[in-house]
Every structure is written in C-alpha cells, then in structure tokens.
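Which chain is which? The protein sequence lines are A and B, in order.
For the first sequence, the working numbering begins at 113 and goes up steadily by one.
For the second sequence, the working numbering begins at 13 and goes up steadily by one.
Single-structure report; data block below.
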Amino acid sequence: MENNNIILSVKDLVVKFKVRDRVLTAIRNVSLDFEEGKVVAIVGESGSGKSVFTKTFTGMLDLNGKVTNGEVWFEGKNLMENKTDEDWLKIRGKKIATVFQDPMTSLNPVRTIGYQISEVIIKHQGKSKEEAKKEAIQLMERVGIYNAEQRYNEYPFMYSGGMRQRIVIAIALACHPKILICDEPTTALDVTIQAQIIHLIKDLAKEYGFTTIYITHDLGVVANVADRVAVMYAGQIIEYGEVEEIFYDPRHPYTWGLLSSLPQLGEKGSELFAIHGTPPSLFEEIKGDAFAPRSDYAMRIDFEEEPPMFKVTDTHFAKTWLLDPRAPKVEKPKVIQNLHEKLLALTAKGGIYGEH
Amino acid sequence: MSTNQEKEVLLSVNHLEVTFYNNKKRFRAVKNACFDIYKGETFALVGESGSGKTTIGRSIIRLNKTSDGDILYKGKKINGKLSKDDQKEVVRNIQMIFQDPAASLNERATIDYCVSEGLYNFGLYKDEADREAKVDQALEAVGLLREHKSRYPHEFSGGQRQRIGIARAMIMEPEFIIADEPISALDVSIRAQVLNLMNKFKEERGLTYLFIAHDLSVVRYFSDRIAVIHKGRIVEIAPTDELFNYPLHPYTHSLLQAVPMPDPRIEKSKELVIYDESKRDLSGEKPQLREIRPGHFVFANDREMAEYEVKLKEMEEFKKANQ
Ligand SMILES: Nc1ncnc2c1ncn2[C@@H]1O[C@H](COP(=O)(O)OP(=O)(O)OP(=O)(O)O)[C@@H](O)[C@H]1O
Ligand SMILES: [Mg+2]
Chain A
113 MENNNIILSV
123 KDLVVKFKVR
133 DRVLTAIRNV
143 SLDFEEGKVV
153 AIVGESGSGK
163 SVFTKTFTGM
173 LDLNGKVTNG
183 EVWFEGKNLM
193 ENKTDEDWLK
203 IRGKKIATVF
213 QDPMTSLNPV
223 RTIGYQISEV
233 IIKHQGKSKE
243 EAKKEAIQLM
253 ERVGIYNAEQ
263 RYNEYPFMYS
273 GGMRQRIVIA
283 IALACHPKIL
293 ICDEPTTALD
303 VTIQAQIIHL
313 IKDLAKEYGF
323 TTIYITHDLG
333 VVANVADRVA
343 VMYAGQIIEY
353 GEVEEIFYDP
363 RHPYTWGLLS
373 SLPQLGEKGS
383 ELFAIHGTPP
393 SLFEEIKGDA
403 FAPRSDYAMR
413 IDFEEEPPMF
423 KVTDTHFAKT
433 WLLDPRAPKV
443 EKPKVIQNLH
453 EKLLALTAKG
463 GIYGEH
Chain B
13 MSTNQEKEVL
23 LSVNHLEVTF
33 YNNKKRFRAV
43 KNACFDIYKG
53 ETFALVGESG
63 SGKTTIGRSI
73 IRLNKTSDGD
83 ILYKGKKING
93 KLSKDDQKEV
103 VRNIQMIFQD
113 PAASLNERAT
123 IDYCVSEGLY
133 NFGLYKDEAD
143 REAKVDQALE
153 AVGLLREHKS
163 RYPHEFSGGQ
173 RQRIGIARAM
183 IMEPEFIIAD
193 EPISALDVSI
203 RAQVLNLMNK
213 FKEERGLTYL
223 FIAHDLSVVR
233 YFSDRIAVIH
243 KGRIVEIAPT
253 DELFNYPLHP
263 YTHSLLQAVP
273 MPDPRIEKSK
283 ELVIYDESKR
293 DLSGEKPQLR
303 EIRPGHFVFA
313 NDREMAEYEV
323 KLKEMEEFKK
333 ANQ
C-alpha cells in the first residue's frame, strides 16, 4: 500500500439506542481503519447504520443512544473517553467536520451567509472581523458562489439547495478539518448539481488534504468518489476493499445483491433482480449472518454462527462463510459478471461518455 | 420500429402553458409543451427539480390550472371547464402515484381506508363484501397481506408504503398512471421490487404510464420513449434507445453525463459537463420542437437544426467505425 497512515481507527464499536422500554442495537461490533488522505465511501440500505456509525466520531449520537463498547482512536486519543461537550468541541467541526443531506439543518435561517462563515473563522482561527470577512469571501468563491461579495450579506433562503450545500462545505472548510464526513450530501439535489458538488468535494480534498468519509446509497456516486468502500448491512461492515475490488470482485452475497439490482444492468422486457425480503429487526438478537434469510447462497452455518471477516487480498475483506476454505465454490451471479464490459458497452453505444 | 401512425394516441398535450402568479410575479412553469402518449407505452418525462415535470403531471389530473393549450384524453379535452361527470371520469381513469409515499398517505387512517378511499369517493363498489374483496385483491397484487389492513402507514417501511400507494391507484382500475418519481425515495434493493411491480401491471392490464423522473438511469430500463424538459421547455423527445444513442440537445447531453455510472473505471475517467445556456450561441430565429428523424424531436431553429444534422452523421459514423 502506498499510504499506510491510519488517521482514525475504530475498534469493536457497539452502539445501542433505548426506545421506550426496548433496546435497539444499531452498530454491532464494527472495526475499521481509515487511511489518511483517502476517500472512504460507506454504502448500505436505509437503517443499516451508516449515519450512526460516523456520528460516534464527533459525539453526535441522539440522547437515547450510547456507545456501549469499543474505541475510536484519533490523534493518539480514544475519543470514546470524551466526557463533556467541551471535549467534543475540540474535535467536532474543528478536526472532524460533517456535511449533512439537508443543508438547512446546518444553517441558521436568520443569520446572513457571510456571518455564518466568518463566525467559524473568527472562532477557530482567531482572526479579526475584517480578516474573517476576506477569507469567507475567498471560501465562497472557492466553493463556486458567483458574486460572493454581494451574496455575503444574503440569507440562506435566498440560496438554492445546491448553493446552500456549497456554503455548508465552505463552513466545514473554514476550520481546516482533518476529516470531512459527508452524509448523503447530494441525495436531495438534482443529478447535475450532484455531479458538481461531488467534483468540488474531491477537488477540495486534494487541495486541503483532508480525509473524506462519504456516506451514500448510490453505487454510481461510490464509483465516482471512492478509493475504498465499506458495505454496511444491519449494523455491521460486511465487506471492505478498494473500490475496484468491490465493483469487479465482490465477495459477499449482499454486495452481489446490491450490484445485481442496478437498473443499468436491467434488460428491457425482463425483470430486474431484486433482493427479496426486508432487513432484520435490530431489536432482536441476530444469529449467524444477518443477511442469510434474504440470501440465495445461505448455508446452514449462516443461520447458526456469525462469520468472521475473511481476508481476500491485503486490502479486501468480506464477512461471509462462502470464503471459508470448507465452503463450496460459488461464483457471483451472472448479471454482475463482466460488469465493466457491460457498462462500457452501454456507454460506448450511447453517446453518454463518447465524444460530443 | 412501427411508425407513429399505427399507434393509438391515449393522451395528447398541445401547446400547454402553465403560469403561476406569486405576488404579482409571473412565472411560466410550462412553456408550449407538446407531446403524445400512446396507449400501452411508458413515456418518461425527465428533468431537474423545478423544470415543470410535476406541474405537467398535475395539470393532467386537474390539480393545476392550465393557462393555455389543450390536454386531450382519448381525443376529448380534459383541461379547463368540465362537467361534474366528466371530471369524475378523468379522476377515475387517470391515477397518480407520488414520490413521497409517506406524504401521500393519511397517517391516521388504516391501510384498509387508505386503499379504499377512491372506491368510497366514487361509490365504485356494490356492497361491503365487494369493497373488501377489491381491497384484498389490490393488496395481494402489490405483495401485501390481508392482515395489514388494520395497520397504519407509519408501521410500514418506505418500500411497503410505496406499494400501498400503488394499491390505492390500482384499485381504481385506471387506464393511465402518472408515476411522479415513485422510486427516488427508496433504497436500491426496494426500487427494483417496485419497478418490477409496475412493469407487471403494465403487461397484465395494458396500462399506460407517464413516468416522471430526474434520473436517466432508471428511465432507460423502464420507458419506451423519453422527453427531456429544461426550465419548463421540452428540449428533446425520442424513443429510449435513440435518445441514449443519439442525444442531440446539449442539455440532454449534460443530463446523461451527470448520472453517475456504477463503474469506477468509467466514473474516474469521466469529465464534468456543465450546461450553461448563457454560453450557448442562441442566434437565429426562435427555436421550436422539430422532428429531425422519425420520432426524434429536438428544440431548435434552422441554424441549430443544421448543426444537429451534422452531429447525427458524426455519431452514426463513429458507431459504424466502432462496431
Ligand atoms: N435516536 C434514535 N433512536 C432509536 N433508534 C435510532 C436512533 N437513531 C438511529 N436509530 C436506528 O439505528 C439504526 C441505524 O440508523 P442510521 O440512521 O445510522 O441508518 P442509515 O444507514 O444512516 O440509514 P439512511 O440511509 O436511511 O440514512 C436504524 O435502525 C435506526 O432506526
Ligand atoms: Mg443516514
């Protein structure tokens, strides 16, 4: 590996929520090392724990939630030992910043855009009001706001959704974070705006040298942004690897299912592949492989014992008994074999990525 | 491919204008829209938020007032003033499925009521037993259980709620369904289930769909013809394969480009194309929607038309050379 510096290391993390008199386990024993400077995409369906997992890094769990086990190491410190809000303020927004799906939740509707960016610069960099304003305008220009000087004094409602998201990114950058968590930052936006925002985030990551954790359920976005991919299912990471390993050599039946149901692979007149059933209830204890009841490849052991993380390559891991040496040899489904050739054929035939 | 003359036009939209007034400000949400939808096809309307696609859908089911133009359903005008009976006919035959399954269901009503609502409103059942049989059948068709009837919408997942929305529409035995981003709020795995379900109904019941979407990747698999709309204006209409093979309008091109492909090698070598109308050469007379090849329409004036002809030739040659 070219770059082995681990910037954030998660060990055996368990997160539980109290819901009235019941307990829901949202994160079930997750370990993951984030490499410095990389873009790690976290994918998985709704409720799989993507947001909860990353919220623990900044101490932003809802009040009914608790980390009941595990460690999160960052700059030589286990963040799970943070007790007070003060401890967290040294990290949150300063070292680890988050951009959420809905920019309105991060912006104050009654303050001007300029004020909100300057405020962060003054607070985190100790600059004067004048200096802060100058830097804020530069940042606004950097994230693609035209007429930044004029728009400095406008309010969030005067901005479009895409522009608001640019401002949220500018605010996140104002304190030069080490890690930027993007939690579905473009899900509410149009595809054309999404493409621009993703482009911006990637550019900024290079320029400012931060590590990106990008949460999404869109595999197209993953293919675009990610160096590494973590696939989550029912509160666990069930596969992790380099982006090409996940798309071209996936090993977990859930990853197979996600890729197989891509509409791009559908053929007119025949059914799209669909993963049947629904994810398990996180209120109950899960036995074996959580995906087994929905899997077409489940073996008896999948219902009895939880599989370990098997190593596929130095960079690729998957949590499925299919990788056990004793398991029968199973090939990935036909639809996703030669994925690249299939999609390339679509694009070459279509004018999509051809010369235009 | 069969020519257009052989097909039966189910819905015809002619020179449609929809204008909204906001504090004396005039906003033309739909500008001179013209298209036909044939019986039994899936016609997709694709564009960004605010482009007017939902407004067109809502105008067809009479939720938005039109300010000019005609909407003909089976040759009969259905916009503007209509008799009570005619209105009923429209509402019954044309059903709409909405993007946000949660928002379109009454949270305080049981599933039984939600699904029956249209039957109640139009008295479309003989007796209680008949109504129940219809509800059971509709639920079964979308893969839900009879036991679910006494439950409430919030007790279901997003995918299940979208099925309830579909059952609600299907129970009316419509001929034409407007599906407004029916799957954008759903997970990838659930999306496939809902699309399969909609396709099943299309085949079994000969339904016609107007499918509204912002994402071209889904539309490619699901629709027969596609109209691309930009700022209230339809800029291109073509059969699906034709549009993907020979996109002509620069906006169509940027929209196609923007959809991320689930393939890292393709994505990582892709360049970003931003459509900027202000940077285009807009000289010449006023453009209009013109047929450049059978069934393929593009918004252009004479000068642009000539450019598109050249472009088409180039694309065809490129394709021949690469076969
Ligand atoms: N405050 C809370 N109280 C109870 N349960 C919660 C709370 N927050 C999250 N959960 C539960 O934890 C699990 C993981 O949720 P999380 O928000 O991390 O999912 P996600 O993968 O981000 O999903 P999405 O794609 O919908 O954003 C879910 O079952 C969710 O219902
Ligand atoms: Mg989330």
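Just so it is clear, CB atoms sit at the ideal spot from N, CA and C, and this is done for glycine as well.
Since we're looking at a predicted model, the values are computed, not measured.
Given that a residue counts as buried once 16 or more other Cβ atoms are within 10 Å of its Cβ, and exposed if not, what is residue i?
{"i": "residue 140 (chain A)", "result": "buried"}
{"i": "residue 196 (chain A)", "result": "exposed"}
{"i": "residue 423 (chain A)", "result": "exposed"}
{"i": "residue 270 (chain A)", "result": "exposed"}
{"i": "residue 180 (chain B)", "result": "buried"}
{"i": "residue 322 (chain B)", "result": "exposed"}
{"i": "residue 39 (chain B)", "result": "exposed"}
{"i": "residue 286 (chain B)", "result": "exposed"}
{"i": "residue 133 (chain A)", "result": "exposed"}
{"i": "residue 134 (chain B)", "result": "exposed"}
{"i": "residue 437 (chain A)", "result": "exposed"}
{"i": "residue 99 (chain B)", "result": "exposed"}
{"i": "residue 334 (chain B)", "result": "exposed"}
{"i": "residue 66 (chain B)", "result": "buried"}
{"i": "residue 282 (chain B)", "result": "buried"}
{"i": "residue 432 (chain A)", "result": "buried"}
{"i": "residue 190 (chain B)", "result": "buried"}
{"i": "residue 175 (chain B)", "result": "buried"}
{"i": "residue 221 (chain A)", "result": "exposed"}
{"i": "residue 95 (chain B)", "result": "exposed"}
{"i": "residue 284 (chain B)", "result": "exposed"}
Does residue i have its Cβ less than 7 Å from a Cβ in chain A?
{"i": "residue 210 (chain B)", "result": "no"}
{"i": "residue 235 (chain B)", "result": "no"}
{"i": "residue 139 (chain B)", "result": "no"}
{"i": "residue 279 (chain B)", "result": "yes"}
{"i": "residue 207 (chain B)", "result": "yes"}
{"i": "residue 226 (chain B)", "result": "yes"}
{"i": "residue 201 (chain B)", "result": "yes"}
{"i": "residue 275 (chain B)", "result": "yes"}
{"i": "residue 272 (chain B)", "result": "yes"}
{"i": "residue 284 (chain B)", "result": "yes"}
{"i": "residue 14 (chain B)", "result": "Because residue 14 (chain B) sits at a pLDDT of 45, beneath the cut-off of 50, its placement in the model cannot be relied upon, and the point is left open."}
{"i": "residue 230 (chain B)", "result": "yes"}
{"i": "residue 128 (chain B)", "result": "no"}
{"i": "residue 297 (chain B)", "result": "no"}
{"i": "residue 204 (chain B)", "result": "yes"}
Please decide whether residue i counts as near chain B, where near means a Cβ-Cβ distance under 7 Å.
{"i": "residue 440 (chain A)", "result": "no"}
{"i": "residue 394 (chain A)", "result": "no"}
{"i": "residue 304 (chain A)", "result": "yes"}
{"i": "residue 351 (chain A)", "result": "no"}
{"i": "residue 382 (chain A)", "result": "no"}
{"i": "residue 387 (chain A)", "result": "yes"}
{"i": "residue 449 (chain A)", "result": "no"}
{"i": "residue 474 (chain A)", "result": "Since the first and last residues shown for chain A are 113 and 468, residue 474 (chain A) lies out of range."}
{"i": "residue 130 (chain A)", "result": "no"}
{"i": "residue 373 (chain A)", "result": "yes"}
{"i": "residue 462 (chain A)", "result": "With a pLDDT of only 48 at residue 462 (chain A), under 50, the local geometry of the prediction cannot be trusted, and the value read off the model is given with reservation. Answer yes: the Cβ-Cβ gap between residue 462 (chain A) and chain B drops below 7 Å somewhere."}
Tell me, please, which residues DSSP counts as bridged to residue i.
{"i": "residue 351 (chain A)", "result": "A:343, A:430"}
{"i": "residue 251 (chain B)", "result": "B:237"}
{"i": "residue 185 (chain A)", "result": "A:121, A:190"}
{"i": "residue 139 (chain A)", "result": "A:127"}
{"i": "residue 302 (chain B)", "result": "B:310"}
- prompt: Who's in the neighbourhood of ligand 2, going by beta-carbon under 7 Å from any heavy atom, listed in chain order?
  reply: Environment of ligand 2, chain-ordered: A:162, A:163, A:295, A:296, A:327, taking every residue with Cβ within less than 7 Å of a heavy atom.
query: Does the stretch 288-295 of chain A touch the stretch 200-215 of chain A, meaning 3 or more C-beta pairs lie closer than 8 Å?
result: Touching, yes, given that three or more Cβ pairs across the two stretches are closer than 8 Å.
- request: Spell out a yes or no on whether the stretch 54-65 of chain B and the stretch 217-233 of chain B are touching, meaning 3 or more CB-CB pairs, one atom from each, closer than 8 Å.
  value: In short, these stretches touch, since the Cβ pair count reaches three.
- prompt: Is the stretch 187-203 of chain A touching the stretch 261-278 of chain A, taking contact as three or more C-beta pairs under 8 Å?
  reply: A contact between stretches requires three or more CB pairs, one per stretch, nearer than 8 Å, and the stretch 187-203 of chain A fails this requirement with the stretch 261-278 of chain A.
query: On the three-pair Cβ rule with 8 Å, is the stretch 117-131 of chain B touching the stretch 140-149 of chain B?
result: Touching, per the Cβ criterion.
message: When you compare the stretch 310-329 of chain A with the stretch 230-240 of chain A, are there three or more beta-carbon pairs, one atom per stretch, that lie closer than 8 Å?
response: Touching, no, given that fewer than three Cβ pairs across the two stretches are closer than 8 Å.
query: Do the stretch 325-332 of chain A and the stretch 153-164 of chain A make contact, defined as three or more Cβ pairs closer than 8 Å?
result: In short, these stretches touch, since the Cβ pair count reaches three.
message: Check whether the stretch 172-181 of chain A and the stretch 300-315 of chain A are in contact - that is, three or more C-beta pairs closer than 8 Å.
response: Verdict: no, contact absent.
Segment contact flag, the stretch 80-92 of chain B with the stretch 244-253 of chain B, C-beta cutoff 8 Å, min 3 pairs: No, the stretch 80-92 of chain B does not touch the stretch 244-253 of chain B.
message: Count Cβ pairs between the stretch 338-347 of chain A and the stretch 199-218 of chain B that sit closer than 8 Å; are there 3 or more?
response: Result no; under three Cβ-Cβ pairs closer than 8 Å.
- prompt: Can at least three beta-carbon pairs, one atom from the stretch 97-111 of chain B and one from the stretch 69-83 of chain B, be found at a separation below 8 Å?
  reply: Between the stretch 97-111 of chain B and the stretch 69-83 of chain B, the count of Cβ pairs shorter than 8 Å is three or higher; the stretches touch.
Any 3 or more C-beta pairs closer than 8 Å across the stretch 227-237 of chain B and the stretch 292-300 of chain B: As far as the Cβ criterion goes, the stretch 227-237 of chain B does not touch the stretch 292-300 of chain B, which means the pair count is below three.
message: Pairs of beta-carbons, one from the stretch 254-265 of chain B and one from the stretch 302-322 of chain B, closer than 8 Å: are there three or more?
response: Output reads yes: the stretch 302-322 of chain B touches the stretch 254-265 of chain B.
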